[in-house]
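Okay, so here's the structure we're looking at.
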Amino acid sequence: MHEPTKFRLEARPTLPEAIERLEHLANDLFYSWDHGVRSLFFRIDPVLWQKVEHNPKLFLRRVAQSRLDDASEDRAFMGEYRRILSSYDAYLEAEPVPEVLEALEPGQDLVAYFCAEFGFHESFPIYSGGLGILAGDHCKAASDLGLPFVAVGLLYRQGYFIQTIDARGHQVARYRHHSSDELPITPVLDKGRQMTISVPFPGRDVVARLWQARVGHITLYLLDSNTPENSPEDRELTLQLYGGDSGTRISQEMLLGIGGTRALLALGIQPTVWHINEGHAAFLVLERCRMAMADKMAFETALEAVAASTLFTTHTPVPAGHDIFPRDLLSERLGPYLEQSGLALDKVLALGSKNGDQSFNMTCLGLRGSRFHNGVSRIHGQVASEMEGNIWPQVPAAENPIGYITNGVHVPTFLAPEWGSLFDIQAPSWKSELRNPPFWHFIDQIPDYHYWSVHKALKQQMAEFIVRRLQSQHQRNGTGHSVTERMVRPLVSSGKDALVIGFARRFATYKRATLIFSDLPRLEAMLTDPERPVILVFAGKAHPQDNPGQQLIKVIHDLSMQPNLIGHILLLEDYDQAMARRLLSGVDVWLNTPEYPKEASGTSGEKAALNGALNLSVLDGWWGEGYDRSNGWAITPRDTRMDQEFRNQEEARDLLDLLELEVIPLYYQRASQGYSEGWVNRSKASMKSITPRFNAQRMVMDYVESYYQPASKQGQRLKDNGGHLAGELADWKQRVRASWDGVSLNVHDCVQACCQWNTPVDVAVEAVLNGLSPNDVRVECVVNRECSGTFEQPGPDTFLLEPAGEENGRTLFRASIKPPYPGLQTLRLRMYPYHQALTHPLEMGSMLWA
Ligand SMILES: *Cc1c(COP(=O)(O)O)cnc(C)c1O
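Each residue of the sequence shown is one higher than the one before, counting from 1133 in the working numbering.
In structure tokens, the structure reads:
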């Protein structure tokens, strides 16, 4: 007898009229940061809410009709429903903040933000880790501030993988298909049909459908190749995030950059600023050049006009984060597009070349196609300036145009609602004071016992969550019941209130998840001290092709099962945003031990700090700026010229010393009230110093002031009058490039060795300009103070030299300079090409020293 055929039928409930706007709430990612909205769904059916993994749209399809009917007749529920809807409506009606209106003009200015992943919420799994969460937070803060802003990305049907860890500690990656009606998106319609765009690929056009997701005030547009116009293979192009080979990756990036730009055009959206968030989206530069060339601009002019309104943000020094494609692959894939566009292959290849390699580097394309560039912390800004210095070969890295804006996190998303309620009582306007550090001194006014009770409650919630997750994961793996019991015992034995240290993020090797195990006997003694127990909680995914990353998971798994350590090392599977919120608001200490300087920024420690956890981290990324001696603990990275093994050992010893001598003793210094006053003080110092500095509103406002406003202006300036200035600039650059090799600079007469303080000295140089005019260059004297007993190295002062006629076919430049410093100083003279239409004075990357 064969199995009877089964038909699946989903009988969807009808929303009662009284609560019909739940449908709106389920279709606005506002729910991803508003706990009130999520609590409505939870109240209707808590069990189902868990089951559908906090997915409001799926919830509304599966919930029993009777639950909805009951809710709509429940006075308490309806009161809450109305309160939340009115706060939602108030949010949508709010005007942009004044600082945004000073910098940008809504209706005129518009920022388009392109990224390969967006992490808004666990119900919308089109992110893999930090980059995606950051992009989600950027959009959320843009909405909070009222920025004129649209975002563009790809819709991955299977998103990133779901992780299980089997009984042997092996990571198993599974993918789950998400249909569009269970995601918070709607089709973009044009005359009743879903809009599509297409991009030329070898032998065919690939079509992408357009979707939109509402994020409060802003819209995210997503492209999806899963449409019947495409071949079966092409339909799978946007199936997975970071799946497939480099052919898949380049195709996805063509859809994102070229297709995304076409989508905005098709929608009649005209951005004035284009933000390329990491190299994956850099092809947008080509498409915008194509559009400008269709307006009769030469390629070089088009590139100037396009780049002037473009910002490129680089997010990691780690090679895996930079797409590098073989040239052959690039010319094969991009060939038909370039042909149709009139873009010359060799010119495009030149935009992506690095040090003459035979490959195409998307980071280089992003940098050459933009005139504004940044890294994501002070340290990373410097590292990126060095790494990408080849773009400006003659300019010292410290002076090249790569700046930085340190990442921040979206407070409403990551702050536990329990803290929010406490702030509401203590300082009701806190939500509008996220960029005002002095305001946050109110934290000190919170009574210690009250402060600690909030932390304890959150820690308790986390413990229950961890126990549930461990039990289900070990039950599936067939772990013995008694083993699982022992595993959760230290966490749940409430008498001890063990110190809990969390470590959760992607398992990339540079993050050194296993550094803490470098001296296992010493660590074991600390963890299992019966009077002062410590528990380490780990979670994270390793990319399915990253075997060393998966090996880290296995090492931690094996340790977590050792009888002598059981219960003191816990490994949770399937880290996602929901788990992040639980762990980050429940742990006592958040640990991060990256290999300096590879962390770029890191953001999870910022989320932990908002919630009162103390950071114990290597001084890299954001912590290099955040740590102030009173608000956590720091591991000083060893000199990067030392070998890695030695650095690991030394830094691991620092970590264990800190734990043994500072962290554990402080935590267990409990007086009769049951908590450590010293700990609470440190935690308050952390919360109040970090929250107002490392949040996404501060970050986005920095982008507005440092980049979006200038890029909008500069873009307009070069584009006006049919790109007149862009054309002039492009011609000038070509002229300078052709002459620069024959240009030289020499000191005219030596500077006197000694002068009286406060009297000027004369400096002069003579230049061979090789056909350039004195107006095409700037000559500067750079003065540095010599170390005079202090370690302080003040930045250089520069003085401009003026043209002073010709002598023997050489152009003289002179200045009379008052020494800026008393005592010893060094003077150096240099020349670089200069034009008033440049965005950054050193953007050509040319410079000569006398
Ligand atoms: C914040 C966050 C990250 C980034 O963590 P880092 O420690 O900064 O690398 C990754 N995944 C999730 C789910 C997060 O919430």
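All C-beta atoms, glycine included, are put in the ideal place defined by N, C-alpha and C.
Predicted model only: the values in this text are computed from it and were never measured.
Member of P1280, E1757, A1899 and H1349 whose CA lies at the smallest distance from the CA of G1239: Here residue 1239 corresponds to residue number 107 of the sequence shown, with the count starting at 1. For the residues P1280, E1757, A1899 and H1349, the minimum Cα distance to G1239 belongs to P1280.
Any heavy atom of ligand 2 nearer than 5 Å to the CB - residues listed: Judged by which ligands are present, ligand 2 is missing from the structure shown, whose ligands are ligand 1.
Looking at Y1163 and N1409, is the spacing between their C-beta atoms short of 8 Å? Counting from 1 along the sequence shown, the entry for residue 1409 is found at position 277. Counting from 1 along the sequence shown, the entry for residue 1163 is found at position 31. Cβ distance not < 8 Å, so N1409 and Y1163 don't count as in contact.
Contained alpha helix (DSSP H) runs [length at least 4] in the region 1366 to 1398, N- to C-terminal order: For the region 1366 to 1398, whole alpha helix (DSSP H) runs of length 4 or above, ordered along the chain, are 1378 to 1386 and 1392 to 1398.
8 Å CB neighbourhood of P1622 in its chain, flanking five on each side removed: Position 490 of the sequence shown, counted from the start, is the residue given in the question as residue 1622. Cβ neighbours of P1622 beyond the five flanking positions: K1628, A1630, P1665, I1667, G1699 and H1700.
From the DSSP output, in three-state form, read off F1923 for me. The residue labelled residue 1923 in the question sits at position 791 within the sequence shown. Any reading at F1923 is ruled out, since the residue's pLDDT is 49, under 50, leaving its predicted position unreliable.
Run through DSSP, which three-state label would R1300 get? Residue 1300 sits at position 168 when you count from the first residue of the sequence shown. Coil at R1300, not helix or strand.
Roughly how many whole angstroms lie between the Cα atoms of R1140 and S1171? In the sequence shown, residue 1140 corresponds to position 8, counting from 1. In the sequence shown, residue 1171 corresponds to position 39, counting from 1. Near 30 Å, if we compare the C-alpha coordinates of S1171 and R1140.
Reference K1588, options S1564, F1670, G1507 and L1715, closest by Cα: Residue numbering aside, residue 1588 sits at position 456 when the sequence shown is read from its first letter. It is L1715.
Decide if E1314 is buried, meaning its Cβ has at least 16 other Cβ atoms within 10 Å, or exposed. Within the sequence shown, numbered from 1, the residue matching residue 1314 stands at position 182. Residue burial annotation: E1314 is buried, with at least 16 other C-beta atoms found within 10 angstroms of its C-beta.
Under the rule that 16 or more other beta-carbon atoms within 10 Å means buried, what is T1943, buried or exposed? Within the sequence shown, residue 1943 is the residue found at index 811, counting from 1. Counting C-beta atoms within 10 angstroms of its own C-beta, T1943 has 16 or more neighbours from the protein chains shown and is therefore classed as buried.
Indicate whether the contact test is met: 3 or more Cβ pairs, each with one atom in the region 1811 to 1829 and one in the region 1744 to 1760, closer than 8 Å. yes
Secondary structure, beta strand (DSSP E): runs of 3+ residues fully inside the region 1299 to 1334: 1303 to 1306 and 1328 to 1333
So for K1138, helix, strand or coil by DSSP? Within the sequence shown, numbered from 1, the residue matching residue 1138 stands at position 6. K1138: coil per DSSP, three-state reduction.
Are at least three pairs of beta-carbons, each pair with one atom in the region 1213 to 1220 and one in the region 1178 to 1186, less than 8 Å apart? Because the criterion of three Cβ pairs below 8 Å is not met, the region 1213 to 1220 and the region 1178 to 1186 do not touch.
Mapping DSSP to helix, strand and coil, what is N1493? The count along the sequence shown starts at 1 and reaches residue 1493 at position 361. Three-state result, N1493: strand.
C1882 versus V1897 - alpha carbon distance: For the purposes of this step, residue 1882 is taken as residue 750 along the sequence shown, with counting starting at 1. For the purposes of this step, residue 1897 is taken as residue 765 along the sequence shown, with counting starting at 1. Near 9 Å, if we compare the C-alpha coordinates of V1897 and C1882.
Span of the alpha helix (DSSP H) around N1679: Taking the first residue of the sequence shown as position 1, residue 1679 is located at position 547. Element bounds for N1679: N1679 to M1693.
Scan the region 1201 to 1280 and note each continuous alpha helix (DSSP H) run of 4 residues or more that stays entirely inside, going in chain order. 1207 to 1225, 1230 to 1235 and 1262 to 1277
So, helix, strand or coil for L1652, using DSSP? Against the sequence shown, residue 1652 aligns to sequence position 520. Looking at L1652 - three-state DSSP - the assignment turns out to be helix.
What alpha helix (DSSP H) runs, 4 residues minimum, are completely inside the region 1501 to 1535? Listed in chain order, they are 1510 to 1519.
At which residues does the alpha helix (DSSP H) containing V1480 begin and terminate? Working through the sequence shown from its first residue, we reach residue 1480 at position 348. Start and end: L1477 to L1483.
Answer yes or no: do T1404 and S1441 have a C-beta to C-beta separation smaller than 8 Å? Residue mapping note: residue 1404 aligns to position 272 of the sequence shown, counting from 1. Residue mapping note: residue 1441 aligns to position 309 of the sequence shown, counting from 1. Yes, Cβ-Cβ distance for T1404 and S1441 is below 8 Å.
Alpha-carbon to alpha-carbon, V1515 and Y1966: Within the sequence shown, residue 1966 is the residue found at index 834, counting from 1. Within the sequence shown, residue 1515 is the residue found at index 383, counting from 1. In a straight line, the C-alpha of Y1966 is about 26 Å away from that of V1515.
As an exercise, report each continuous beta strand (DSSP E) stretch of at least 3 residues that is fully enclosed by the region 1742 to 1797, in chain order. 1746 to 1750 and 1764 to 1767
Just to check my reading of the structure: P1906 and P1935 have Cβ atoms closer than 8 Å, yes? What is that Cβ distance to the nearest angstrom? Indexing the sequence shown from 1 puts residue 1906 at position 774. Indexing the sequence shown from 1 puts residue 1935 at position 803. Right, the Cβ-Cβ distance comes to about 4 Å (below 8 Å), so this counts as a contact.
Determine the closest residue to I1390 out of R1465, G1335, E1783 and E1365, with distance taken between C-alpha atoms. For this step, residue 1390 is matched to residue 258 along the sequence shown. Ranking the options by Cα distance to I1390, first place goes to R1465.
For A1657 and D1651, what's the separation of their Cα atoms in angstroms? Residue mapping note: residue 1657 aligns to position 525 of the sequence shown, counting from 1. Residue mapping note: residue 1651 aligns to position 519 of the sequence shown, counting from 1. Spanning the two alpha carbons is a distance of roughly 10 Å.
What are the residues that DSSP puts in a beta bridge with V1284? Here residue 1284 is taken as the residue at index 152 of the sequence shown, counted from 1. Note: V1284 sits in a beta bridge opposite F1246 and Y1353.
Within 10 Å of its beta-carbon, does K1323 have 16 or more other beta-carbons around it, so buried, or fewer, so exposed? Residue mapping note: residue 1323 aligns to position 191 of the sequence shown, counting from 1. It is exposed - the Cβ of K1323 has fewer than 16 other Cβ atoms within 10 Å.
Which one of A1947, Q1577, C1886 and L1147 has the shortest CA to CA distance from R1910? Position 778 of the sequence shown, counting from 1, holds the residue named residue 1910. Answer by Cα proximity: A1947.
Label F1173 either buried or exposed according to how many other C-beta atoms from any shown protein chain fall within 10 Å of its C-beta, with 16 as the threshold for buried. Counted from its first residue, the sequence shown places residue 1173 at position 41. With a threshold of 16 other beta carbon atoms within 10 Å, F1173 meets it and is buried.
Q1957 lies in the beta strand (DSSP E); which residues open and close that run? Taking the sequence shown and counting its residues from 1, the one referred to as residue 1957 is at position 825. Here the beta strand (DSSP E) through Q1957 covers Q1957 to P1965.
Compute the beta-carbon to beta-carbon distance between C1421 and A1434, rounded to the nearest angstrom, for a pair I have assumed lies under 8 Å. Translated into positions along the sequence shown, residue 1421 becomes position 289. Translated into positions along the sequence shown, residue 1434 becomes position 302. Confirmed, Cβ separation roughly 4 Å.
Residues bridged to R1946 (per DSSP): Residue mapping note: residue 1946 aligns to position 814 of the sequence shown, counting from 1. In the DSSP output, where bridge partners are listed per residue, R1946 has A1896 and E1934.
Please state the DSSP three-state secondary structure of P1145. Here residue 1145 corresponds to residue number 13 of the sequence shown, with the count starting at 1. Of the three classes helix, strand and coil, the one that applies to P1145 here is coil, per DSSP.
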